[in-house]
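To start, the structure itself, in structure tokens.
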Amino acid sequence: MTILTEKVMTRDWARPGQNTLAVYKQHGGYAQAKKALELAPAAITDEVKKSNLRGRGGAGFPTGMKWSFVPSLEKNTKPRYLAINADESEPGTAKDRFILENDPHLLLEGIAIACYALGAHTCYIYSRGEFKYPSAVLDKAIAEAYADGIFGKKLMGKDFELNVYQVRGAGAYICGEETALLESLEGKKGWPRLKPPFPAVVGLFGCPTVVNNVETIASIPRIFEKGAAWFSGLGEAKSGGTRLVTLSGSVNRPGTYEVGMNTSIRELIYDKEYGQGLPEGRSIKAVIPGGSSAPVLTADEIDVKLEFDAFKPLQSMAGSGGIIVMDDQSCVVRSLWRVARFYAEESCGQGTPCREGQPWMARLIRKIEEGRGEMADLDNLVNVAQAIAPWPPIGLGNTICALGDAGALPVQSFVQKFRKDFEEHLRLHRCPLGNAPWGHFGEFK
Amino acid sequence: MSEPLFTPDEQKTFDAGIAELLSHYPPDRKSAAMLPALRLLQSLKGWLPPEGMQQVATKLETTVARAYEVASFYVMYHTQKPGKYVIDVCTNLSCALRGAEGLLTYLEQKLDTKAGTNGPKYFLRETECLASCGTAPCLQINEDHHENLTRAKVDALLEKLS
Ligand SMILES: Cc1cc2nc3c(=O)[nH]c(=O)nc-3n(C[C@H](O)[C@H](O)[C@H](O)COP(=O)(O)O)c2cc1C
Ligand code: SF4
Ligand code: FES
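From first to last, the protein sequence lines are chains S and U. All residue numbers for the first sequence refer to the numbering used here, where the first residue is 816 and numbers rise by one. All residue numbers for the second sequence refer to the numbering used here, where the first residue is 867 and numbers rise by one.
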């Protein structure tokens, strides 16, 4: 049985008042920070390395290693910053929002520990502009932490100043990309920067900066509560801890769930603790495993574990944990159009292949889907995608930032795995599913 | 003489708000406060009127052109006065699989408008994934979020809009 027995991230969410400082502290809150702040900064980073914590923002990059890329103060005397990525905009993903709503102090406690380890005296939490309610909860939590002497001139009584500010975005998916996020924090439009240099060396205001996802940093207090060995032991292979995933689309019980790294996508979809399967008579057509940019899987490929490295043989990725299920009555061409339209809309426009290519792909898919297409359009579609980011293997993008790949990989994978469906649209000059392309749950009632 | 942009109370809120925001950034990086400053202006006036943009630029020691460059990049800023109710409906994949296209059509009919048209009362728009994928379909009315929508729920929401 690979159903999670011990909840880690969601452990306290059901407790009334958990998002207030009083209740958070009553149940041991900020004790982990107190403990960690007794350690030398380098020892904190070592613990995080040992825990096998990996970034939950999409790339699964080892967190401790990322922190250790920040140059020492002897080598670089500039101030350093921590930026928390709370921009959560990858289609299919809804998890960070619930951490902010249900347990904001867990994130703030993680920030206290991380900033101390990094020698950062300022942390900006960049939150999605549309997050009115989550942002209000977070603002209140930050104010409580200041009033209680946790943040401010003396971090929990230590001779270490720490200021934490929330900055709200304003509706631009690209600002989730870490260098676009930094540009936005500098008060500019969100145009990604060329890398290298990486933010750990030249980041916010030209200073060393670590960018981490909300879930990543909210995991830190747990590591200091029960130890790095416990945390890495919870996980699988080189992925420590548990994962928050969002299950959506054609399943009986969509929602945000905490799962073990060894839980498979099949278990997530069918287990009674999670998705509870598909309606009677429906079967799976396709599953997007890690946010809409992750290459799609067929029904035969879903025995994959949700651990970060398990997706490599499938040429896909665990990404941001957004798992989208399409049933056998939903149209994969129409689905891909929705995804392609998103990346076309959200391209920042800085580079030609992405700015021109994404809308071009969206138009071609729409043309095929509406029955106006011909075989040359399908070939053309693949060629455009191939020019932005060849696939497989994953990770060969030709663009300034990975939004290029994010838009090209769905196209490549959908066409490769469901070519017949595209061809059928071309042959019939219409959608085989007629006016009901969205499967069992697709009608608005 | 035209009306001043702010009432005296609004001016006070604006000035104090900007001063607070500037304290969050290094003193030589005033223009970093652009996003929150525009948000503050919009919260006071409902949109970003030109004189307000001028005030933001002056306080942040930058140009109006820069302020507009930022404002036009982000969809949540209104450089034109929007309808009284801005209704953003997510039509991305997870929501589409749970009836979002039907939801949009339903709203177009009920409000007698077309998505993308800015009317005096309603500005109905398609928007991208709102992190409600597991609780789809969803929409926001003037940034208030509503999820797990049904016809009955939408009817109840619309009834409250006068
Ligand atoms: C186009 C694009 C959008 C992204 N959006 C987000 C996002 O909304 N939230 C997030 O945490 N990371 C996002 N990322 C990943 C970030 O660039 C970055 O890798 C991450 O915040 C690092 O945090 P982690 O190491 O804790 O995962 C995005 C990346 C790209 C290329
Ligand atoms: S790949 Fe697209 S989103 Fe990224 S910098 Fe280039 S144009 Fe902008
Ligand atoms: S797809 Fe609609 S909220 Fe995510």
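All C-beta atoms in this analysis are idealised placements derived from N, C-alpha and C, irrespective of residue type, glycine included. Because the structure is a prediction, the values reported are computed rather than measured.
Rounded separation between residue i and residue j - CA only
i         : j         : result
Ser1079/S : Glu1088/S : 13 angstroms
Glu976/S  : Gly944/S  : 28 angstroms
Gly1136/S : Leu907/U  : 36 angstroms
Tyr896/S  : Met971/S  : 19 angstroms
Pro1252/S : Val1060/S : 26 angstroms
Gly1257/S : Thr957/U  : 12 angstroms
Glu927/U  : Glu998/S  : 18 angstroms
Asn867/S  : Gly925/S  : 16 angstroms
Gly878/S  : Gly870/S  : Strictly speaking, residue 878/S in this sequence is Thr, with Gly absent from that position. The straight-line gap from Cα to Cα measures roughly 6 angstroms.
Leu914/U  : Met900/U  : 13 angstroms
Val1026/S : Gly1105/S : 20 angstroms
Ser1034/S : Leu922/S  : 8 angstroms
Leu1023/U : Leu904/U  : 28 angstroms
Gly1222/S : Tyr1158/S : 5 angstroms
Met816/S  : Phe1123/S : Because Met816/S sits at a pLDDT of 48, beneath the cut-off of 50, its placement in the model cannot be relied upon, and the following sentence gives the value as read from the coordinates. Going from the Cα of Met816/S to the Cα of Phe1123/S covers about 20 angstroms.
Glu1238/S : Pro1247/S : 11 angstroms
Gln1144/S : Ala1114/S : 14 angstroms
Asp843/U  : Ile953/U  : One cannot answer for residue 843/U here, as it falls past the ends of chain U, which runs 867 to 1028.
Leu1027/U : Leu990/U  : 13 angstroms
Leu1262/S : Ala1155/S : Because chain S in this structure spans residues 816 to 1260, residue 1262/S falls outside the shown range and cannot be described.
Ala898/S  : Ile1180/S : 37 angstroms
Pick from the options that is closest to residue i, judged by C-alpha positions
i         : options                                   : result
Glu886/U  : Gly972/S, Pro856/S, Gln981/S, Leu1121/S   : Gln981/S
Arg1058/S : Asn1067/S, Ser942/S, Ser1047/S            : Ser1047/S
Pro906/S  : Gly1172/S, Gly984/S, Leu1151/S, Ile1183/S : Leu1151/S
Arg1068/S : Leu969/U, Ser889/U, Ala1002/U             : Ala1002/U
Gly1188/S : Pro1094/S, His936/S, Phe1233/S, Arg1245/S : Arg1245/S
His920/S  : Thr835/S, Ala846/S, Cys990/S              : Thr835/S
Lys911/U  : Gly965/U, Lys1026/U, Lys976/U, Phe880/U   : Phe880/U
Glu1013/U : Lys980/U, Arg964/U, Val930/U, Ser897/U    : Arg964/U
Ser938/U  : Val952/U, Met919/U, Leu871/U, Val955/U    : Met919/U
Gly1092/S : Ser1065/S, Phe1259/S, Leu1112/S           : Ser1065/S
Gly1172/S : Asp1192/S, Arg1149/S, Leu1196/S           : Leu1196/S
Ala829/S  : Lys910/S, Asn917/S, Gly844/S              : Asn917/S
Glu862/S  : Tyr839/S, Ala929/S, Leu1241/S             : Ala929/S
Whole-number beta carbon distance between residue j and residue i, since they are thought to touch under 8 angstroms
i         : j         : result
Glu992/S  : Cys1216/S : 5 angstroms
Val1074/S : Leu819/S  : 6 angstroms
Gly1000/U : Thr1071/S : 5 angstroms
Cys1169/S : Pro1007/S : Not really, about 10 angstroms apart at Cβ, beyond 8 angstroms.
Leu996/S  : Asn891/S  : With 8 angstroms as the limit, Leu996/S and Asn891/S do not qualify as a contact, their Cβ atoms being about 21 angstroms apart.
Pro894/S  : Cys1022/S : 5 angstroms
Tyr941/S  : Leu888/S  : Contact doesn't hold; Cβ gap of about 25 angstroms is too wide.
Ala927/S  : Ala855/S  : About 16 angstroms separates the two Cβ atoms, so there is no contact after all.
Ser1063/S : Ile1139/S : 5 angstroms
Arg1153/S : Ala962/U  : 5 angstroms
Gly986/S  : Val941/U  : 4 angstroms
For residue i, the three-state DSSP class (helix, strand or coil)
i         : result
Met816/S  : Low confidence applies to Met816/S: its pLDDT is 48, below 50, so where it sits in the model is not reliable, and the reading given next is rough at best. Residue state, collapsed to three classes: coil.
Ala1028/S : Checking the sequence, you will find Asn at residue 1028/S rather than Ala. DSSP places Asn1028/S in strand when its eight states are reduced to three.
Phe946/S  : coil
Lys947/U  : coil
Asn1311/S : What is shown of chain S runs 816 to 1260, which leaves residue 1311/S out entirely.
Ala1101/S : strand
Thr1061/S : strand
Tyr988/U  : strand
Cys938/S  : strand
Val885/S  : coil
Arg1187/S : coil
Ser809/U  : The question about residue 809/U has no answer, for chain U in this structure spans 867 to 1028.
Glu1258/S : coil
Trp1206/S : coil
Asn917/S  : helix
Leu996/U  : coil
Arg1269/S : In the structure as shown, chain S starts at 816 and stops at 1260, and residue 1269/S therefore has no counterpart that could be examined.
Val1197/S : helix
Exercise. According to a CB-to-CB cut-off of less than 7 angstroms, which residues of the segment 1209-1226 of chain S neighbour chain U?
Worked result: Cβ contacts with chain U: none found.
Problem set entry | Short-range partners of chain U found in the segment 1031-1065 of chain S, where Cβ spacing is below 8 angstroms | Residues Thr1061, Leu1062, Ser1063, Gly1064, Ser1065.
For this session: Select from the segment 965-993 of chain S all residues with a C-beta closer than 8 angstroms to any C-beta belonging to chain U, and list them in chain order.
Result: Among the residues of the segment 965-993 of chain S, those with a Cβ less than 8 angstroms away from any Cβ of chain U are Asn978, Tyr980, Val982, Arg983, Gly984, Ala985, Gly986, Ala987, Tyr988, in the order of the chain.
Problem set entry | Residues, ordered as in the chain, of the segment 1120-1144 of chain S that lie near chain U by beta-carbon distance below 9 angstroms | Listed in sequence order: Gly1137, Ile1139, Val1140, Met1141, Asp1142.
Exercise. According to a CB-to-CB cut-off of less than 7 angstroms, which residues of the segment 876-896 of chain U neighbour chain S?
Worked result: Within the segment 876-896 of chain U, His890, Pro892, Arg895 place their CB atoms closer than 7 angstroms to a CB of chain S, listed in sequence order.
Problem set entry | Cβ-based contacts, 8 angstroms cut-off: residues of the segment 1000-1029 of chain S near chain U | If the cut-off is 8 angstroms between Cβ atoms, the segment 1000-1029 of chain S has Leu1000, Glu1001, Gly1002, Lys1003, Lys1004, Gly1005, Phe1020 near chain U.
For this session: Please name the residues in the segment 963-978 of chain U whose beta-carbon is closer than 9 angstroms to at least one beta-carbon of chain S, in chain order.
Result: Taking 9 angstroms as the Cβ-Cβ cut-off against chain S, the residues of the segment 963-978 of chain U that qualify are Leu963, Arg964, Gly965, Ala966, Glu967, Gly968, Leu969, Leu970, Thr971, Tyr972.
For this session: Would you list the residues whose beta-carbon is nearer than 6 angstroms to any heavy atom of ligand 4, in the order they occur in the chain?
Result: This structure lacks ligand 4; its bound ligands are ligand 1, ligand 2 and ligand 3.
Problem set entry | Contacting positions in the segment 934-945 of chain U - beta carbon closer than 9 angstroms to chain S | Answer set for the segment 934-945 of chain U: Glu935, Val936, Ala937, Ser938, Phe939, Tyr940, Val941, Met942, Tyr943.
Exercise. What residues in the segment 1066-1079 of chain S have a beta carbon less than 7 angstroms from any beta carbon of chain U?
Worked result: Those would be Pro1069, Gly1070, Thr1071, in chain order.
Exercise. What are the residues of the segment 1168-1196 of chain S that lie near chain U, defined by any Cβ-Cβ distance shorter than 7 angstroms?
Worked result: Cβ contacts with chain U come from no residue of the segment 1168-1196 of chain S.
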